[in-house]
Amino acid sequence: MRNYINLINLVSQTVGILAASMVVVAVVITCQMIFIRYFLNGSTYWHTEAVVYLILAATLLGLPYVQKLKGHVNVELVPMLLPPAGRKVLMIVSFSAAILVLAIMTYYSADLVYVSFTKGWTSETVWGPPLWIPYLTMPVGFGLFALQLIADLFEVLLTPAEKIILEGSTH
-7 MRNYINLINL VSQTVGILAA SMVVVAVVIT CQMIFIRYFL NGSTYWHTEA VVYLILAATL
53 LGLPYVQKLK GHVNVELVPM LLPPAGRKVL MIVSFSAAIL VLAIMTYYSA DLVYVSFTKG
113 WTSETVWGPP LWIPYLTMPV GFGLFALQLI ADLFEVLLTP AEKIILEGST H
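Dropping the structure here:
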């Protein structure tokens, strides 16, 4: 289990760097778009769509990295009121439920990628990129998020209940 946790943490870190790079590329494209539009009075038919796809991809691919950092929003009122063993059980149930939801989201978004690829769907813009490419970030992001949650679940299972500390608290 420890090797799996380390591997998924490395994958989440790597994909997090990729997601951050996508934001940088989106900013550069936006700057180029502004320059072309306002200084060269030129057409920017692909820029806006590319920026939207990049930001959405960065958001979806950044999910596992944010989970690795424990950066997602948590409500800790109930866990703080529970004894350590109850807190551990609650974390196991919460992680398991989230993994189930993400597995469903991964499945259906992968189906969307398959359908869009086999039917040759493209964006209805002048640029017209194949839609399976931006759609692919959904099952990849959701799937990696689920794998990170599984690693976090393993971490909880390996940690004695008394040593589980809530993020941001001293309990």
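Just so you know, we're using my numbering here: the sequence shown kicks off at -7 and counts up by one. C-beta: ideal position from N, C-alpha, C; glycine also.
By the Cβ-count criterion, PRO75 is exposed, with fewer than 16 other Cβ atoms from all chains shown falling within 10 Å of its own Cβ.
When GLY34, SER115, LYS155 are compared, the shortest CA-CA separation from LYS80 is found for LYS155.
Within the segment 74 to 135, complete alpha helix (DSSP H) segments of at least 4 residues are found at 76 to 110, 124 to 127, given in chain order. In this structure, the alpha-carbon of ILE47 lies about 33 Å from that of ILE157.
In the three-state scheme derived from DSSP, where H, G and I count as helix and E and B as strand, SER35 is classed as coil. Only residues of its own chain outside the window of five on either side were considered, and among them LEU145, VAL148, LEU149 have a CB closer than 8 Å to the CB of ILE84, listed in chain order.
Counting along the chain, the unbroken alpha helix (DSSP H) around ASN(-5) starts and ends at -6 to 30. Taking a contact to require three or more Cβ pairs closer than 8 Å, the segment 100 to 110 and the segment 128 to 135 qualify as touching. Within the same chain, and ignoring the five residues on either side of GLY34 in sequence, the residues whose Cβ sits closer than 8 Å to its Cβ are ILE28. Counting only the Cα atoms, GLN5 lies some 11 Å from LEU136. If you draw a straight line from the Cα of ALA12 to the Cα of ILE26, it comes to about 21 Å.
Judged by DSSP in its simplified three-state form, PRO152 adopts coil rather than helix or strand. DSSP, reduced to helix, strand and coil, places VAL67 outside both helices and strands of the structure shown, so it counts as coil. Going by C-alpha positions, VAL19 is about 33 Å away from ILE91. The beta carbons of TRP119 and GLU68 sit no closer together than 8 Å. A Cβ-Cβ distance of about 5 Å is found for the pair VAL7 and LEU53, placing them in contact under the 8 Å criterion.
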